[in-house]
Every structure is written in C-alpha cells, then in structure tokens.
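Engineer:
Protein chains: 2
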Amino acid sequence: MITVALSKGRLFDDFIKYLEEKNLDKYSGVLKEKSRTLYTTSGNVRFIFAKGPDVPVYVERSVADIGIVGSDTLEEDAFSYLNVSELPFGQCHFALAGPPNIERFETIASKYINIARKFFNDEQQAVSLIHLNGSVELAPILGLADGIVDIVQTGSTLRDNGLIEYQKILDVQARLIANKQTFYTKEDDIYEFLSEIGVIE
Amino acid sequence: MITVALSKGRLFDDFIKYLEEKNLDKYSGVLKEKSRTLYTTSGNVRFIFAKGPDVPVYVERSVADIGIVGSDTLEEDAFSYLNVSELPFGQCHFALAGPPNIERFETIASKYINIARKFFNDEQQAVSLIHLNGSVELAPILGLADGIVDIVQTGSTLRDNGLIEYQKILDVQARLIANKQTFYTKEDDIYEFLSEIGVIE
Chain V
257 MITVALSKGR LFDDFIKYLE EKNLDKYSGV LKEKSRTLYT TSGNVRFIFA
307 KGPDVPVYVE RSVADIGIVG SDTLEEDAFS YLNVSELPFG QCHFALAGPP
357 NIERFETIAS KYINIARKFF NDEQQAVSLI HLNGSVELAP ILGLADGIVD
407 IVQTGSTLRD NGLIEYQKIL DVQARLIANK QTFYTKEDDI YEFLSEIGVI
457 E
Chain X
257 MITVALSKGR LFDDFIKYLE EKNLDKYSGV LKEKSRTLYT TSGNVRFIFA
307 KGPDVPVYVE RSVADIGIVG SDTLEEDAFS YLNVSELPFG QCHFALAGPP
357 NIERFETIAS KYINIARKFF NDEQQAVSLI HLNGSVELAP ILGLADGIVD
407 IVQTGSTLRD NGLIEYQKIL DVQARLIANK QTFYTKEDDI YEFLSEIGVI
457 E
C-alpha cells in the first residue's frame, strides 16, 4: 500500500483530467466520487486530499509516500523531499503586476512573500512587502500596495481589476515529489504507480 | 465615508444574523446580496470582505477604519490596532484534543502554531509542533501527530474523527477593532456606525 497526497483545488481537477486522458478510471473514478471526503483508496493506493502547502509536510514526514503539488508551493517554503518529476499540467506563472503607469514599485502585496522577497532581492530593489492571505488583486485598488506578486493563469483576474503584468517572475507547474526514505523501501509499489500514471516508462 | 473590513466565512454569517436581529436591513441587505463580490457600500459605510487574517492587516494599514474578526486571528499574530469591543457572536474556544488514552502528547499539529506554542510553553511541556493549513483533525488518524490544537465549536468535528477534548485553552469570540489614527480623525462617522450597530450607546 502506498499513500499519495493530492493538492485540493485547481491541481486536483487537472490531475483527474490527466488520469482520464490515460483511461485510468480506477483512479479518476474514486477521486471524483470521493473528492469531498478526506481520503479514499483504489487498490494498492490510498489518496489523501490536502491543502496545497500541507502536501510537502505529509511527504516530508512519511505520512504520504508521494505528493502531487504545484511548484509554487515548493518554491515558497523549504521542505525535505525527493523531486521525482514535473507533471504536464497546472502550468501558470508568477508575475509582478500593478496598475498601468507605475514607474517604481514601493509596496508589494503577495500571498507568496518569500518568492516576492527573493525576486526583489535579485533585482536589488528595495520594496516594502505585505503578506496577504487572499484577494491580493484588491490591494492596489484599496491603496494597500502599488503592486502585487501573484500567480497568473489566464490573466483575466488581473484585467478584471485593472492591473497589467509588468514582469514574469517564475514558471509554475505540477510536480511529483516523494518521501526520501519510502521511495526506496516501497520501491516496487511506487514504481508500479508511477509507471501506471505515465511518469516513468 | 468609513470602511469596515469583514472576515469572510462563519463570522460573516453571524454578523448578518446580528444585524437582522437589530433590524439593520440597510446593512444586512447589501451584505447578503453582495457577499460574492469583494466590497460593497451602504450609505456612508463601505464594507470589504477579506480572509480573517487579512482583516487586521487592512486595519493596521488604514485601508479599513474598522475590522470585525475572530479573537483567534488577533491572538495568533501580532498587529497594531485599537481593541474597541467584544461582539456577542462567534463564540467558540481553542482546545487540546487527541485520541482517547494519550498519556503524554509529543507531537501536536495546528493551524494556530503560535497559540499552540504559547500553551505548551506555559505548561512547561516540550512538544514538537507541526504547522498545517487544513484538515488538522486528520493528523492523529494519519499518524502525523498525536494531538491537535484547534478551534472547537460544537465538538462534532472532533467526535467524527474519534478525538476527545483534553483541555480548554482559550475562549474565542468576534471582536471589533479600529485603526489607531482614523478612530480619532473620523470620530463622528465611526461613532455613528458603532451606535447604529449597538456597540456603543
């Protein structure tokens, strides 16, 4: 038995689509049916549904053998895990955005305060950073910040709030990570699952 | 014009009920109607809907003059604001919980890592703390922790997961906070609103 921690939300839907394209109904079926519970099992695989930032915690602490999570989460905080593979879904990117005609950003709001800090450090630009938990796109409208660092998918959230993208910071996509010990001690079961879902040949 | 930041979720529903009991349809009406947007206005009052932990950020930084938020959020992180009043809703409490028959807790999972740390420091008990973002009640089932520090309302989440309450840590309820400057510079408008909603006579 292996345990796979899945990030709830957008990535979860993408993962189900990915399984459906590979005709892996044994997994996509139970995942769709049980998405409102906390965990479910299909054959030899137990799935735990977790908030994105909890997935690497579960993997690091051996509660899950494998985790499927956005690289945004893995870049924002430091965890200990094996980086097994990129997955072909969940593509988006981090961007610096703000209202048009900002010459120099002074205050930046972001949910991803570490990624924002690293970006401005690398740019050698001194800014004041404000950590928010939601509705980051509202910050420039409210006068809380003159810019934001946020994930951009289609760009419609930026447009709806009168913001434009100033600079792309970092590509984001789904990643498959593994626990550093059980990747070896449960090698056969893990390889079988990775092979089934097409991550290895 | 004054701006009031409201915590989305459970407290938001409680606040609407509170307004309805006081026949303040001018506020409860627009709040119910607009709860899916990011902000709305009624007369002289603009409401911003925010995630709980962002409410004190808005108040501290003068984006909102007043905030209505759970004391759990105010206790977990340090912010600068005026503590105006407790509000008669949002009552619950923090508790230490776990499976039955735990003699000594060694690993504790919590969303409220600072409250958990303070509790065990005060108890002079050394524990290992794990910060989670969701589904904390799952941690003992998964073997991630032997106990949790979490908010308890009815106790049904604990019961559903086979957990019992070991110790009450702290009472929680809704609080009304204000920005330290605008509480004086916008005194008349703020007092009018506080009087309307029955916080002051």
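Chains V and X, in that order, are what the protein sequence lines are.
Counting in the numbering used here, the first sequence runs from 257 upward without gaps.
Counting in the numbering used here, the second sequence runs from 257 upward without gaps.
Glycine included, every Cβ here is placed at the ideal spot set by N, Cα and C.
Any beta carbon of chain V sitting closer than 8 Å to that of A478 (chain X)?
Structural biologist: This structure gives no information on residue 478 (chain X), because the portion of chain X shown stretches from 257 to 457.
Engineer: Along chain X, which residues have their Cβ under 8 Å away from the Cβ of Y274 (chain V)?
Structural biologist: Correct list: empty, because the minimum Cβ distance to chain X is about 23 Å.
Engineer: Quick check on L431 (chain V): does DSSP put it in helix, strand or coil?
Structural biologist: Here the sequence assigns Arg to residue 431 (chain V), which means Leu is not the residue at that position. Strand, per DSSP.
Engineer: Quick check on the burial criterion: 16 or more other C-beta atoms within 10 angstroms. Buried or exposed for D427 (chain V)?
Structural biologist: exposed
Engineer: Can S341 (chain V) and E316 (chain V) be called in contact, C-beta distance under 8 Å?
Structural biologist: no
Engineer: By the 10 Å Cβ neighbour count, where 16 or more other Cβ atoms means buried, how is G265 (chain X) classified, buried or exposed?
Structural biologist: exposed
Engineer: For S366 (chain V), write down the residues that DSSP places opposite it in a beta bridge.
Structural biologist: The beta-bridge partner set that DSSP reports for S366 (chain V) consists of V:H387, V:V405.
Engineer: For I386 (chain V), decide whether its Cβ has a neighbour in chain X, counting only Cβ atoms nearer than 8 Å.
Structural biologist: yes
Engineer: Enumerate in chain order the residues of its own chain whose CB-to-CB distance from E276 (chain V) is below 8 Å, with the five nearest sequence positions on each side excluded.
Structural biologist: S284
Engineer: As an exercise, report each continuous alpha helix (DSSP H) stretch of at least 4 residues that is fully enclosed by the segment 278-347 of chain X, in chain order.
Structural biologist: DSSP assignment within the segment 278-347 of chain X yields the following whole alpha helix (DSSP H) runs of 4 residues or more, N-terminal first: 281-289, 311-316, 327-332.
Engineer: Between D389 (chain X) and chain V, is any beta-carbon pair separated by less than 8 Å?
Structural biologist: Inspection of the sequence shows that residue 389 (chain X) is occupied by Asn rather than by Asp. Yes, its Cβ sits closer than 8 Å to a Cβ of chain V.
Engineer: Please say whether I304 (chain X) and L262 (chain X) have beta carbons closer to each other than 8 Å?
Structural biologist: yes
Engineer: Output, in chain order, the set of chain X residues within a Cβ distance shorter than 8 Å of Y314 (chain V).
Structural biologist: L398, L400
Engineer: How far does the beta strand (DSSP E) with L262 (chain V) in it reach, from first residue to last?
Structural biologist: For L262 (chain V), the enclosing beta strand (DSSP E) covers residues 258-263.
Engineer: Any beta carbon from chain X within less than 8 Å of L394 (chain V)'s own beta carbon?
Structural biologist: yes
Engineer: For I420 (chain X), write down the residues that DSSP places opposite it in a beta bridge.
Structural biologist: X:G354
Engineer: When the distance is taken between beta carbons, is D321 (chain V) closer than 8 Å to T410 (chain V)?
Structural biologist: no
Engineer: Is it right to say N377 (chain V) is buried, meaning 16 or more other beta carbons lie within 10 angstroms of its own, or is it exposed?
Structural biologist: N377 (chain V) should be labelled exposed.
Engineer: Could you list which residues in chain V have their beta carbon closer than 7 Å to that of L414 (chain X), in chain order?
Structural biologist: Result: empty, since nearest Cβ-Cβ is about 14 Å, beyond 7 Å.
Engineer: Could you check the C-alpha separation between K282 (chain X) and S298 (chain X) for me, to the nearest Å?
Structural biologist: 7 Å
Engineer: Say whether chain V places a C-beta atom closer than 8 Å to the C-beta of P355 (chain X).
Structural biologist: no
Engineer: Going by beta carbon distance, what residues of the same chain come within less than 6 Å of I358 (chain X), once the five residues before and after it are set aside?
Structural biologist: D402
Engineer: Please name the residue, chosen from V:V383, V:F439, V:A372, V:I397, that lies closest to D333 (chain V) on a Cα-to-Cα basis.
Structural biologist: V:A372
Engineer: Could you say which of X:L414, X:G418, X:E448, X:Q429 lies nearest to G346 (chain X) if we only look at CA atoms?
Structural biologist: X:Q429
Engineer: Going along the chain, which residues of the segment 315-336 of chain V sit with their C-beta nearer than 8 Å to a C-beta in chain X?
Structural biologist: R317, V319
Engineer: From this set, V:L352, V:L414, V:A306, V:N417, which residue's C-alpha is nearest L385 (chain V)'s C-alpha?
Structural biologist: V:L352
Engineer: How long is the line joining the alpha carbons of L432 (chain V) and P312 (chain V), rounded to whole angstroms?
Structural biologist: 10 Å
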